[in-house]
Amino acid sequence: MASKVLVVDDSAFMRNLLKQLLEGEHEVVGEAENGVEAVELYRELDPDVVTMDVVMPIRNGIEATSEIKSLDSGASVIMCTSVGQEEKMREAVEAGADGYITKPFQKPNVLQAIADVIQAEA
Amino acid sequence: MNLDVRSLRTFSRLAHSGAEKAAGSLTTLAGIDTYVNVTKVELGTKSDVETEFAERDLVSVHIGFNGGLDGRTVLAFSPESAERLVDALMPGIDATDADGELAASSLKEVANIMLGGFIDGWADYLDTSVDITTPTYVEDDDSGPLKEIEASGFEHGGTDEHVLVFRNQLEAADNAIEFDLYMVPTPDSIGTIVEASGEDDALPVESFAAFSEMVNDGANQASADITSMTGIDTTVEVSRLSFVPIEGVPMSLTDAVRRGVVLEFSGTPSGYIAILFDEPSAENIASSLLPGMEGDEAMRQSAIQEIGNIVTSGFLDGWANALETTIDISPPKHVHDLGSAIIDPLATDLAQSQEYAFLIDSTIRTDDDEFTCDIYALPDETELRKALEQLSPAA
Amino acid sequence: MQVYTTDTSSPQSGRTKVGIADYAVSSDQSTLTTSGLGSCIGVALYDPDTCVSGLAHAMLPEIEPGGEPAKFADSSIELLLSEMEAAGANIDRVVAKIAGGSTMFDFTSANGDGSIGDRNVETTRETLARFGIEIVAEDIGGSHGRSLELDAQTGDLRVRSAKTGNSVL
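Protein chains in written order, with UniProt numbering: chain A, 1 to 122; chain B, 1 to 395; chain C, 1 to 169.
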């Protein structure tokens with residue numbers, strides 16, 4: 001089943017790549033370039049899943065994730081980042097992230113991660 | 001064997017003044033201005049050194065030294081640089097010298113004079129005498145410089161054994177001739193020099209070895225990430241940790257225009273990282289990431305920034321995990337400027353608090369030369385030292 | 001025993017390369033070059049009567065105790081002037097052209113005193129003013145790198161930039 005996805009990444013290239021990758025599988029309902037925009041768009045669009053970059057200007061993805069989770073404890077957030085440090089992953093879990101994908105990612109992994117969080121929610 | 005920052009400084013100074021003397025010899029001998037660009041003390045394993053020689057097609061002259069200090073010096077040229085130098089030494093000679101014997105003998109003589117001058121300073125510092133052997137000319141050699149050393153009685157353990165290499169980048173005649181002067185002392189001789197500089201809070205060489213292992217792992221991860229993103233096979237050509245006077249960091253690059261990203265990292269250690277491509281490489285990598293989107297410059301810039309991001313993470317995550325800490329990485333800043341000028345502000349910022357730097361530089365290349373990616377990481381010296389302490393076997 | 005050594009320090013051709021934290025004087029009309037100025041400052045000094053010229057490439061503004069003089073703008077200018085004087089230049093005639101001092105990145109570590117590039121320019125101006133040397137041309141600041149070539153015959157300072165192309169000061 002197609003889900004509504006909010007893509008959060010400061011890189012236009014990455015947002016584009018994710019959109020291409022999700023095409024035909026899920027619907028990308030919005031794109032945010034930083035953590036502040038991500039929270040605003042989350043309120044506005046109420047997506048099923050958020051893919052969240054970690055290193056972003058203005059507000060990073062970990063902070064944005066905790067804020068989204070405090071707004072909506074049922075939100076599904078998948079960290080989608082090049083940072084593969086174990087300590088950072090722990091921080092993401094503490095912030096409430098539901099999944100963690102490291103870049104460069106492959107299509108099956110992204111689709112699987114989305115399927116898993118949707119399943120968990122259902 | 002223990003090593004500390006003060007002895008590294010002593011090494012660096014000795015090597016630099018020796019190289020300046022060697023450059024002066026060539027200036028006089030060949031009538032072409034020769035400069036020492038950078039003197040690096042490289043901390044790597046024996047296999048790192050072998051790999052570097054094997055990857056580059058080099059013409060070299062080897063001279064051993066023994067007595068108060070034992071080891072080997074190597075003067076290494078690209079074939080083009082060797083040809084230009086021979087031409088400067090003996091204009092018009094190569095046409096009549098079919099088997100290259102005269103060319104070889106002139107390069108041997110150059111090496112003899114340059115390397116002799118290089119070694120003198122070390123002997124004086126240690127208040128000892130050092131003899132040098134007769135030069136050996138090596139062309140198209142794939143056995144590496146250390147084989148030679150072993151043949152001359154230089155005892156080394158396995159390929160993982162740690163070695164110190166003093167590497168001086170020299171150039172002559174307005175960059176037309178570029179070459180490297182290497183000095184590889186035996187481990188015992190390094191011990192001799194460390195003792196002479198008399199430092200007692202030295203770190204065991206194993207912690208440098210452990211760190212340079214992390215640098216290698218980081219470079220391999222970065223290479224795998226680039227391959228996974230672009231679908232093009234890449235290999236790590238060089239990856240090394242060296243100790244350099246801070247002003248030597250930008251001088252390791254030319255002022256050719258480069259494109260890429262600069263990022264700041266903070267934690268233990270903090271510092272700067274630059275991921276740079278030459279212009280054709282930047283074009284090729286952007287095209288492979290964005291097939292069919294040649295016109296969209298903003299998207300191409302974004303793609304280069306993202307690859308910088310991913311390469312940086314590939315490079316630094318292993319450090320953070322091994323040191324059980326986190327390293328925060330800033331968003332990538334896109335750069336498109338003279339190579340040395342890109343690195344200059346990074347080195348200058350650190351120059352406010354340190355005179356020498358640990359420089360990590362790696363080169364990742366595709367097999368067909370479609371693109372080359374250079375990574376330069378510049379950690380804060382004091383913080384890196386703390387990190388190295390953590391890696392000490394005793395800690 | 002008398003030891004005969006060859007003086008291996010004098011340049012042979014018409015160009016001398018100035019490194020970073022380095023300076024050089026030309027009294028035989030040879031060209032002085034330096035590359036890769038980012039936040040660093042390049043100071044070109046020239047005596048039009050004798051054609052004695054000098055070029056310094058400094059990293060940081062003011063020298064600190066124990067610092068290497070060629071690394072800092074103030075001390076490298078002093079050194080350059082005294083060597084130029086020794087080579088026959090008259091300080092009263094010497095004029096300056098300066099280039100570099102850009103701010104390429106805004107690092108988090110930058111303190112409130114402004115960027116290193118800005119501080120390099122400021123210290124260079126102060127030091128030159130202290131010796132009564134007029135700055136006749138400059139290409140400073142911005143966010144790009146520069147490479148320099150000082151023609152000791154004419155005093156022309158050629159500036160190469162990846163962003164703004166080539167220019168002559």
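All C-beta atoms, glycine included, are put in the ideal place defined by N, C-alpha and C.
Being a predicted model, the structure only gives us computed values, none of them experimental.
- Query: Three-state secondary structure (DSSP) at Pro185/B?
  - Reply: As a working note, residue 185/B is residue 185 in the second sequence. DSSP places Pro185/B within a strand segment (E or B) once states are collapsed to three.
- May I have a chain-ordered list of the alpha helix (DSSP H) segments no shorter than 4 residues that lie completely inside the region 51-113 of chain A? The qualifying runs are 61-71 and 86-95.
- Task: Confirm, please, whether the CB-CB distance from Leu128/C to Ala96/C is below 8 Å.
- Result: If you number the third sequence from 1, residue 96/C lands on position 96. If you number the third sequence from 1, residue 128/C lands on position 128. Yes, Cβ-Cβ distance for Ala96/C and Leu128/C is below 8 Å.
- Beta-carbon proximity list for Glu139/B, same chain, < 6 Å, skipping 5 on both sides: In the second sequence, counting from the first residue as 1, residue 139/B sits at position 139. Residues Val59 of the same chain have their beta carbon placed closer than 6 Å to that of Glu139/B, with the five preceding and five following residues left out of the count.
- Nearest-angstrom Cα separation, counted from Asp28/C out to Leu157/C: Position 157 of the third sequence, counted from the first residue, corresponds to residue 157/C. Position 28 of the third sequence, counted from the first residue, corresponds to residue 28/C. So the two alpha carbons sit approximately 17 Å from each other.
- Task: Check whether the Cβ of Ala12/A lies closer than 8 Å to any Cβ atom in chain B.
- Result: One-based indexing of the first sequence puts residue 12/A at position 12. Closer than 8 Å: yes.
- Task: Apply the 10 Å Cβ neighbour rule to Leu71/A and answer buried if 16 or more other Cβ atoms are within range, or exposed otherwise.
- Result: As a working mapping, residue 71/A is identified with position 71 in the first sequence. Burial call: exposed.
- Message: Distance check for Gly36/C and Gly42/C, CA to CA, integer angstroms please.
- Response: If you number the third sequence from 1, residue 42/C lands on position 42. If you number the third sequence from 1, residue 36/C lands on position 36. Whole-angstrom Cα-Cα distance: 10 Å.
- Message: Nearest by alpha-carbon distance to Met183/B: which of Asn66/B, Asn321/B and Glu279/B is it?
- Response: What you label residue 183/B is simply residue 183 of the second sequence in a count that begins at 1. That would be Asn66/B, whose Cα lies nearest to the Cα of Met183/B.
- Residue closest to Ser340/B, alpha-carbon to alpha-carbon, out of Leu169/C, Arg146/C and Ser167/C: Counted from its first residue, the second sequence places residue 340/B at position 340. Per the C-alpha coordinates, the member of Leu169/C, Arg146/C and Ser167/C positioned closest to Ser340/B is Arg146/C.
- Task: Check distances from the C-beta atoms of the region 219-230 of chain B to those of chain A and list, in chain order, the residues that come in under 7 Å.
- Result: Within the region 219-230 of chain B, contact with chain A at the beta-carbon level (separation under 7 Å) is assigned to Asp225, Ser228 and Met229.
- Query: In chain B, which residues lie less than 7 Å from Phe107/C when you measure between Cβ atoms?
  - Reply: The count along the third sequence starts at 1 and reaches residue 107/C at position 107. Glu264 and Asp349, listed in chain order.
- For Gly292/B, I'd like the list of residues in its chain whose CB is within less than 7 Å of its CB, leaving aside the five on either flank, ordered along the chain. If you number the second sequence from 1, residue 292/B lands on position 292. None.
- Task: Using the Cα positions of Tyr376/B and Thr50/C, report the straight-line distance between them to the nearest angstrom.
- Result: Reading the second sequence from its first residue, position 376 is the one you call residue 376/B. Reading the third sequence from its first residue, position 50 is the one you call residue 50/C. A direct Cα-to-Cα measurement between Tyr376/B and Thr50/C gives close to 44 Å.
- Item | Proximity below 8 Å, CB of Lys103/A to CB of Cys80/A | The count along the first sequence starts at 1 and reaches residue 103/A at position 103. The count along the first sequence starts at 1 and reaches residue 80/A at position 80. Taking a C-beta distance under 8 Å as the contact criterion, Lys103/A and Cys80/A qualify as a contact pair.
- Message: Measuring only the C-alpha atoms, how far is Lys46/B from Val163/B?
- Response: Translated into the one-based positions of the second sequence, residue 46/B becomes position 46. Translated into the one-based positions of the second sequence, residue 163/B becomes position 163. In a straight line, the C-alpha of Lys46/B is about 6 Å away from that of Val163/B.
- Query: The alpha helix (DSSP H) spanning Gly308/B covers which residue range?
  - Reply: Translated into the one-based positions of the second sequence, residue 308/B becomes position 308. For Gly308/B, the enclosing alpha helix (DSSP H) covers residues Glu297 to Ala322.
- 4-residue-minimum alpha helix (DSSP H) runs that sit fully inside the region 313-382 of chain B, ordered along the chain: Segments of the alpha helix (DSSP H) lying fully in the region 313-382 of chain B: 339-351.
- Roughly how many angstroms lie between the CA atoms of Ser189/B and Asp131/B, to the nearest whole one? Within the second sequence, the letter at position 189 stands for residue 189/B. Within the second sequence, the letter at position 131 stands for residue 131/B. Computed Cα separation, rounded: 14 Å.
- Item | Residue from Ser12/B, Pro135/B and Asp278/B whose Cα sits closest to the Cα of Arg258/B | Position 258 of the second sequence, counted from the start, is the residue given in the question as residue 258/B. It is Asp278/B.
- Would you kindly work out how many angstroms separate the C-alpha atoms of Leu41/A and Gly44/B, rounded to a whole number? Here residue 41/A corresponds to residue number 41 of the first sequence, with the count starting at 1. Here residue 44/B corresponds to residue number 44 of the second sequence, with the count starting at 1. Going by the C-alpha atoms only, they are around 50 Å apart.
- Find the residues of chain A that neighbour Met216/B, judging by a C-beta separation of less than 7 Å, and give them in chain order. As a working note, residue 216/B is residue 216 in the second sequence. Looking at the sequence provided, one finds Asn at residue 216/B rather than Met. Under the 7 Å cutoff, chain A gives no residues; its nearest Cβ is about 17 Å from Asn216/B.
- Task: Inspect the beta-carbon positions of Gly121/B and Leu14/B and report whether they are closer than 8 Å.
- Result: Against the second sequence, residue 121/B aligns to sequence position 121. Against the second sequence, residue 14/B aligns to sequence position 14. Contact flag set, yes.
- Query: By how many angstroms is the C-alpha of Leu170/B removed from the C-alpha of Thr96/B?
  - Reply: By 1-based counting over the second sequence, the position of residue 96/B is 96. By 1-based counting over the second sequence, the position of residue 170/B is 170. Low confidence applies here, because Thr96/B scores a pLDDT of 49, under 50, leaving its location unreliable; read the following figure in that light. CA-CA distance, Thr96/B to Leu170/B, rounds to 29 Å.
- Task: Could you name the residues of chain B that Ser75/C contacts, counting a contact when the two beta carbons are closer than 9 Å?
- Result: Along the third sequence, read from residue 1 onward, the residue named residue 75/C stands at position 75. Chain B residues near Ser75/C: none, gap ~14 Å exceeds 9 Å.
- Message: So with CB distances below 7 Å, who are the chain C contacts of Ser340/B?
- Response: Against the second sequence, residue 340/B aligns to sequence position 340. One finds Ser35 and Gly36 in chain C with Cβ atoms closer than 7 Å to the Cβ of Ser340/B, taken in chain order.
- Message: I believe Glu121/A touches Gly74/A by the beta-carbon criterion, under 8 Å. Please report the beta-carbon distance rounded to the nearest angstrom.
- Response: For the purposes of this step, residue 121/A is identified with residue 121 of the first sequence, where counting begins at 1. For the purposes of this step, residue 74/A is identified with residue 74 of the first sequence, where counting begins at 1. About 7 Å; that satisfies the 8 Å criterion.
- Query: Going by alpha carbons, who is nearest to Ile113/B out of Ala224/B, Leu102/B, Ser81/B and Ile63/B?
  - Reply: On the second sequence, residue 113/B is found 113 positions in, with the first residue counted as 1. Looking at the Cα atoms, Ile63/B is the closest of the given residues.
- State yes or no: is the C-beta of Glu78/C within less than 8 Å of the C-beta of Ala21/C? The residue given as residue 78/C occupies position 78 in the third sequence. The residue given as residue 21/C occupies position 21 in the third sequence. Contact flag unset, no.
- Item | C-beta atoms of Met14/A and Glu264/B nearer than 8 Å | Taking the first sequence and counting its residues from 1, the one referred to as residue 14/A is at position 14. Taking the second sequence and counting its residues from 1, the one referred to as residue 264/B is at position 264. Cβ distance not < 8 Å, so Met14/A and Glu264/B don't count as in contact.
- Query: What's the call for Ala196/B, buried or exposed, on a 16-neighbour Cβ count within 10 Å?
  - Reply: Stepping through the second sequence from its first residue, residue 196/B is reached at position 196. It counts as exposed.
- So with Cβ pairs under 8 Å, would you call Phe158/C a contact of chain B? Reading the third sequence from its first residue, position 158 is the one you call residue 158/C. Strictly speaking, residue 158/C in this sequence is Arg, with Phe absent from that position. By this cut-off, Arg158/C is not an interface position.
- Message: Does the structure place the region 4-21 of chain A close enough to the region 39-53 of chain A that three or more beta carbon pairs sit under 8 Å?
- Response: With the cut-off at 8 Å, the region 39-53 of chain A and the region 4-21 of chain A touch.
- Against chain C: residues of the region 241-254 of chain B by CB proximity under 9 Å: Cβ contacts with chain C: Pro245, Ile246, Glu247, Gly248, Val249, Pro250, Met251, Leu253 and Thr254.
- Item | Range covered by the beta strand (DSSP E) that runs through Thr127/C | Taking the first residue of the third sequence as position 1, residue 127/C is located at position 127. Here Thr127/C belongs to no beta strand (DSSP E); instead the alpha helix (DSSP H) covers Ile116 to Arg130.
- Query: Taking Cβ positions only, does Ala21/C come closer than 8 Å to chain B?
  - Reply: Residue 21/C sits at position 21 when you count from the first residue of the third sequence. Yes, contact with chain B.
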